[in-house]
Every structure is written in C-alpha cells, then in structure tokens.
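Undergrad: In my numbering, the protein residues as written are 1108 to 1331. Quick reminder that beta carbons are idealized off the backbone N, C-alpha and C, glycines included. Here's a structure for you.
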Amino acid sequence: MALIFIRTAIIFLTLLFIMRLMGKSQVGEMQPFEFVISLLIAELACIPMADTSIPLLYGIIAIVAIFIMHQIVWLLDLWFKPMKSVICGKPSVVINKNGIDEFQLKKNNLDVSDLIESMRVAGYFSLDDVYYGLYESNGSFSALENPDKESSSLSLLLIDGGKADKKNLAACGIGRETLESFLKEQNAKLKQVVAMTVNGDGRVYFQKRGEKYKILNMEVRGQW
C-alpha cells in the first residue's frame, strides 16, 4: 500500500509539473491536439500507478516524451502559420449576413438545433440576434451581436434541414395544413427549408436554401 501511495505521489507531482510547463490552455479551452495529449498523459499516468510490476521510470519517461512532442507541435504552430490550420483547424462561420451557412454546419457535423443550443448558452435566443456566428477551432461559439435584436420570448425550431419537428409544431398550435399553407406562400417545399423558428409572439425566422433569411409573422396558439 505504501509503495502504491509513493508511486502515485511521484506521478502526481510529475504531471503537475508537466501541465504547468504546457501552459494555461491545458486547463482552459484546449485545441484538438492538446486534448489528445491530455488524454494520452492521463492514460500513461494510470498504468504505472496501478501496476507495480512496471518500473515507475517508464511512466515518467513516457509522460516527458509526450511533453516533448507537445513542444514540437507548439513550435511548428508558432513558426509556420499554415501549420496552425492543419493542426488546430480553422474557425467556421456558421451564421453570416444571409443567415445560416448550411455547408459549414454539416462540415462540422452539426445541425440547426446544435447551433441554436450553442446560441442559447451564449445568451442569444433567436437566429437573427447575431450578425455573424462562428465556431472557434477549440469548439467554442463566438458571435457579433445584432444591436437591433428583438427577442421577446423563446424561439422554437419548427423545421431543421428540411425536416419538420412535430413536437414543436404541436407546442405552437400549428397543424400540418397550416405549415403547408405557410410554405406555399413562401414558394418553398419542406425539404428546401434550412431553418424555420417561431417565438411566442408569432415572429418567424425563415430561411430557404440558397436565399437570404426572412423575418415573417404567423399566428401561434400554444404557450411556452
């Protein structure tokens, strides 16, 4: 028991020292390669702590080797700017002046509901509350706020990537016929709609594929 305690303490102090050398990003929002390195270090640290048959030095050497690889990648990122986009990726602009960029969403394996969730976390409750929205290379969401935003209640997603959300339609008191009639007025078919949301006041965000978004109005009977 004492041996395991001592081995664990040594690994802990080694990890603490290495993580401090790696910089503040290791304890904040990490880039993809930093996340991978953190996972590797955690795995390498567990092996010598749990298995006393493995020399402790092996675990320490492996952790130091990972630290050296981290420093090499960091130097490449610092000296050769094109490497930054290769190693860390680039920010993706998912909302622009025309509305949602469906291509960028799909490129990042996201849909409109994921985007709306990220916006709510950032304090925006309508898709037109921001002029520009982007996902940084570390996965965080950033936005340039629309100073004229008019969010007065929570918006519900009715159509996401050409698919209707029956639960949200029912919550808004909007039947299938009403939705089809609305789409007909906009000269759009369901599968052509990138996104459609509505808030409690009947304010609609509507974007047809290949066109700029529109702000419209429709009658809603539900309460949320």
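#1: Run through the region 1186-1224 for me and flag every whole beta strand (DSSP E) of 3 or more residues, listed as ranges in chain order.
#2: In its own chain, which residues sit with a C-beta less than 7 Å from the C-beta of K1319, not counting the 5 before and 5 after it?
#3: Give the straight-line distance between the Cα atoms of G1230 and L1147, rounded to the nearest whole angstrom.
#4: Measuring CA to CA, which of S1225, E1292, N1203, F1142 is closest to F1060?
#5: What residues match up with S1249 in a beta bridge as DSSP calls it?
#6: Can we count A1302 as close to the ligand SAH, meaning its CB is less than 6 Å from some heavy atom?
#7: For G1282, which option in V1327, S1262, R1310 has the closest C-alpha, if you only look at C-alpha atoms?
#8: Can you round the beta-carbon distance between P1189 and E1243 to whole angstroms, since I take them to be within the 8 Å contact cut?
#9: According to DSSP, simplified to helix, strand and coil, what is D1267?
#10: Between A1172, A1169, C1153, which lies nearest to F1112 when the distance is taken from Cα to Cα?
#11: Less than 8 Å between C-beta atoms, sequence neighbours within five positions excluded: which residues of the same chain meet that for G1303?
#12: With burial defined as no fewer than 16 other Cβ atoms inside 10 Å of the residue's Cβ, what is the status of D1235: buried or exposed?
#13: According to DSSP, which residues form a beta bridge with K1256?
#14: Exposed or buried, what is F1210 when buried is set at 16 or more other beta-carbons lying within 10 Å of its beta-carbon?
#15: Which of the three DSSP states is assigned to M1226 in this structure?
#16: With distance defined between alpha-carbon atoms, name the residue in L1290, I1118, S1258, S1225 nearest to P1162.
#17: Would S1220 and S1262 be called neighbours here (beta carbons separated by less than 7 Å)?
#18: Short of 7 Å in beta carbon distance, which residues of its chain neighbour V1201, apart from the five on each side in sequence? Order them along the chain.
#19: Leaving out five residues before and five after L1276 in sequence, what residues of the same chain have Cβ atoms less than 7 Å from its Cβ?
#20: How would you write the range of the beta strand (DSSP E) that F1313 sits in, first residue to last?
#21: CA-CA distance, I1170 and I1144?
#22: Look at S1260 and N1306 and say whether their C-beta atoms are less than 7 Å apart.
TA: For this structure:
#1: 1199-1203
#2: Residues of the same chain with a CB within less than 7 Å of the CB of K1319, apart from the 5 flanking positions on each side, are N1205, G1206 in chain order.
#3: 34 Å
#4: Shown here, the chain extends from 1108 to 1331; a query on residue 1060 therefore has no answer.
#5: L1241
#6: Within the structure as shown, the ligand SAH is missing, as the structure has no ligands at all.
#7: V1327
#8: Not really, about 18 Å apart at Cβ, beyond 8 Å.
#9: Under the three-state reduction of DSSP, D1267 is assigned to strand.
#10: The shortest Cα separation from F1112 among A1172, A1169, C1153 belongs to C1153.
#11: One detail in the question is off: residue 1303 reads as Met in this sequence, not Gly. Within the same chain, M1303 has close Cβ partners L1264, L1265, I1266, V1311, Y1312, F1313, Q1314.
#12: buried
#13: BP columns for K1256 are empty, so no partner.
#14: The C-beta of F1210 has fewer than 16 other C-beta atoms within 10 Å across all chains shown, which makes the residue exposed.
#15: helix
#16: I1118
#17: no
#18: I1207, D1208, Q1211, L1212, L1222, G1240, L1241, Y1242
#19: L1265, L1286
#20: 1310-1315
#21: 10 Å
#22: For S1260 and N1306, yes; Cβs fall inside 7 Å.
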